[in-house]
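Chains as they are written, first to last, in this note's numbering: chain A, 1 to 110; chain C, 111 to 226.
A virtual CB, placed ideally from N, CA and C, is assigned to each residue, including glycine.
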Amino acid sequence: GQSLEQPSEVTAVEGAIVQINCTYQTSGFYGLSWYQQHDGGAPTFLSYNALDGLEETGRFSSFLSRSDSYGYLLLQELQMKDSASYFCAGDRNGTYKYIFGTGTRLKVLA
Amino acid sequence: GAVVSQHPSWVICKSGTSVKIECRSLDFQATTMFWYRQFPKQSLMLMATSNEGSKATYEQGVEKDKFLINHASLTLSTLTVTSAHPEDSSFYICSAGAFEGDYEQYFGPGTRLTVT
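Next comes the structure, spelled out in structure tokens:
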């Protein structure tokens, strides 16, 4: 089957760095995306890794290792507004159909 | 960035009735749209892929006769929940993409359906 596992909850303080892991058990994912979702809102795109390695976009970075079936999202200089749920999503065989991870709820404390 | 709208943003209906949800791409043409369902504090579950001018492709376990999808134009897809029941109460989200090398999906704001 296809599944992407994430820690259910992560807590960190303002200004800190936090890493949210995503491990998957499937083959055929073309790439790995990350989305942020605030309560009651729609998911918003953060990053996409088509290749192994690190992608950096401002305070957010994302990493993918296909050989390890593993990726992570790194958030730096945490702000209160970063409190949200974060989802990794695998693109199934390049079909643009995304399978979403279990989701991680990030709480940023003052 | 590209904008996707949904209407209505929330709806309450009685058990046994049908509800239609619209998903529009406002500033780009979307050959493919996706419909997701999300229960509280859970992840997004892909329900179906909507292709303009052809039948939708449903994920395993999703009843195609209950969740009718129509993609009549490059900017509009509709999801109709037929004979709704309380267990259909959920957050329904659509997404769209122009794709062609761009893997980003643009999500609508979602529709919260409550069936009483």
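Check	Outcome
Flag this pair as yes or no: are the beta carbons of C/Thr-141 and C/Thr-159 separated by less than 8 Å?	no
Nearest to C/Glu-214 by CA position, among A/Glu-5, A/Ser-47, A/Ser-83 and A/Gly-103, is which residue?	A/Ser-47
Determine, using beta carbons only, whether C/Thr-142 comes closer than 8 Å to chain A.	yes
Locate the beta strand (DSSP E) running through A/Ile-17, then write down its first and last residues.	Here A/Ile-17 belongs to no beta strand (DSSP E), and DSSP marks it neither H nor E.
How is the beta strand (DSSP E) around C/Met-143 delimited, first residue to last?	142-148
Going by beta-carbon coordinates alone, are A/Tyr-70 and A/Thr-102 separated by less than 8 Å?	no
Would you mind working out which of C/Thr-188, C/Phe-201, C/Lys-176 and C/Leu-223 sits nearest A/Gly-41, comparing C-alpha positions?	C/Phe-201
Going by CA-CA distance only, name the one from C/Thr-192, C/Phe-138, C/Thr-224 and C/Ser-115 that's closest to C/Ser-199.	C/Thr-224
Who are C/His-117's beta bridge partners in DSSP?	C/Glu-132
Just to confirm the assignment, what range does the beta strand (DSSP E) spanning A/Ala-84 have?	84-92
How long is the line joining the alpha carbons of C/Asp-175 and C/Glu-132, rounded to whole angstroms?	18 Å
Residues of chain C with CB closer than 8 Å to the CB of A/Lys-97, please, in chain order.	Phe-144, Leu-156 and Thr-159
Please specify which runs of the beta strand (DSSP E), each continuous and at least 3 residues long, are wholly inside the stretch 186-217 of chain C, giving them in chain order.	186-191 and 200-207
List the residues of chain A that C/Ser-153 touches, going by C-beta distances under 7 Å, in chain order.	Phe-87, Phe-100, Gly-101, Thr-102 and Gly-103
Starting from A/Ala-84, find everything on chain C with Cβ-Cβ shorter than 8 Å and list it in chain order.	Here the premise fails: no neighbours, minimum Cβ distance about 13 Å.
Run the CB neighbour count on A/Tyr-30, radius 10 Å, all protein chains shown included, and call it buried at 16 or more, exposed below.	exposed
In or out: A/Arg-59 buried (at least 16 other Cβ within 10 Å) or exposed?	exposed
Who are the Cβ neighbours of A/His-38 in its own chain at under 6 Å, not counting the five residues just before and after it?	Ala-84
Just the Cα atoms here: how many angstroms apart are C/Val-113 and C/Tyr-216?	7 Å
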